[in-house]
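Q:
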Amino acid sequence: QMENGLSVQFNEDLEEIIKATGDLRKLANTLLNLGKPRPIKIEEITLSELLDTVTETLIVSGVLKNVKIVKKYSRKEIRTMFDPFMLEQVIRNLEINASHAMEGRGELILETGLGDKNRRPYIIIRDKGPGIPDDVMGRLFEPFFTTKDSSKGNGLGLSIVKQIMEEFQGTINAENHEEGGAEFKLEFRPL
């Protein structure tokens, strides 16, 4: 970065690399400290804003480059209390899994809202991939269970996602959508 004569684009790319490296360091520390007490940074989060931030990062990084993003956000801002970094990890994991299921192409539907009866804030992340086979559905959140080859996953992602959601008094459920594809619903405690 201190070298003179570098292009503006090169310097912008370096900034992205430095930011991503910092995020990866935080994620590595988080994974290493799972199960250990850690300071939690709980703050009020607007769900659509956090979804946009994570999604844009994955578009720029190429993961969602060829995926059509469909936003079905509530007209009202939907908020909850959560650790923003941890929720980013949850969303990132689900969006990457969706991209893998669609082989990097297709449609990703992002939705926010409030439950009809329980008024709990929610996020739905749905892909237009092949869906989840019945024999896999019951094992999705098991540690080290994976249907991917070793270069694409180790089977920890969804079990960690579930652990994070439960740590913040939330839930995660998966199902196959009637129009095809997998749907993950994250429900949060109300404000």
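If you count by my numbering, then the sequence shown holds residues 410 to 600, one letter each, in order.
Ideal Cβ placement from N, Cα and C applies to all residues, glycine included.
#1: How would you call R501, buried or exposed, if buried means at least 16 neighbouring beta carbons within 10 angstroms?
#2: Would you mind sorting E504 into buried or exposed? The rule is 16 or more other CB atoms within 10 Å of its CB.
#3: Output needed for V408: all residues of its chain with C-beta closer than 8 angstroms, excluding positions within five of it in sequence on either side, in chain order.
#4: Looking at the structure shown, is P448 part of a helix, part of a strand, or coil, going by DSSP?
#5: Once DSSP output is grouped into helix, strand and coil, what is the label at G522?
#6: Secondary structure at R535, three-state DSSP: helix, strand or coil?
#7: Quick one: using the 10 Å Cβ neighbour count with 16 as the cut-off for buried, is E592 buried or exposed?
#8: Let me make sure I understand the geometry here. Which of D536, S568, I454, H586 has the alpha-carbon closest to that of L473?
#9: Quick check: what's the CA-CA separation for L595 versus D422?
#10: Less than 8 angstroms between the beta carbons of L549 and L565, yes or no?
#11: When the Cα atoms are used, what is the spatial distance from G513 to N475?
#12: Using C-beta distances below 7 angstroms, list every residue in its chain close to I449, excluding the 5 sequence neighbours before and after it, in chain order.
#13: When DSSP labels each residue in this structure, what does G589 get in the three-state scheme?
#14: Apart from the five residues on each side of it in sequence, which residues of its chain come closer than 6 angstroms, Cβ to Cβ, to E497?
A: Well, looking at it:
#1: To locate residue 501, count along the sequence shown from 1; it is residue 92. So R501 ends up on the buried side.
#2: Within the sequence shown, residue 504 is the residue found at index 95, counting from 1. Buried.
#3: The question about residue 408 has no answer here: the residues shown for the chain are numbered 410 through 600.
#4: Sequence index remark: in the sequence shown, residue 448 carries index 39 (1-based). Three-state result, P448: coil.
#5: Within the sequence shown, numbered from 1, the residue matching residue 522 stands at position 113. Strand, per DSSP.
#6: Within the sequence shown, the letter at position 126 stands for residue 535. R535 falls in the strand class under three-state DSSP.
#7: Locating residue 592 in the sequence shown gives position 183, counting from the first residue. E592 is buried by the Cβ-count criterion.
#8: Here residue 473 refers to the residue found at position 64 of the sequence shown. Out of D536, S568, I454, H586, D536 has the C-alpha closest to the C-alpha of L473.
#9: As a working note, residue 595 is residue 186 in the sequence shown. As a working note, residue 422 is residue 13 in the sequence shown. So the two alpha carbons sit approximately 33 angstroms from each other.
#10: One-based indexing of the sequence shown puts residue 549 at position 140. One-based indexing of the sequence shown puts residue 565 at position 156. No, they are not a contact pair.
#11: Looking up residue 513 in the sequence shown gives position 104. Looking up residue 475 in the sequence shown gives position 66. Each residue's alpha carbon lies about 6 angstroms from the other.
#12: Taking the sequence shown and counting its residues from 1, one reaches residue 449 at position 40. Hits under 7 angstroms: D492.
#13: Position 180 of the sequence shown, counting from 1, holds the residue named residue 589. Looking at G589 - three-state DSSP - the assignment turns out to be coil, as it is neither helix nor strand.
#14: On the sequence shown, residue 497 is found 88 positions in, with the first residue counted as 1. Hits under 6 angstroms: V463.
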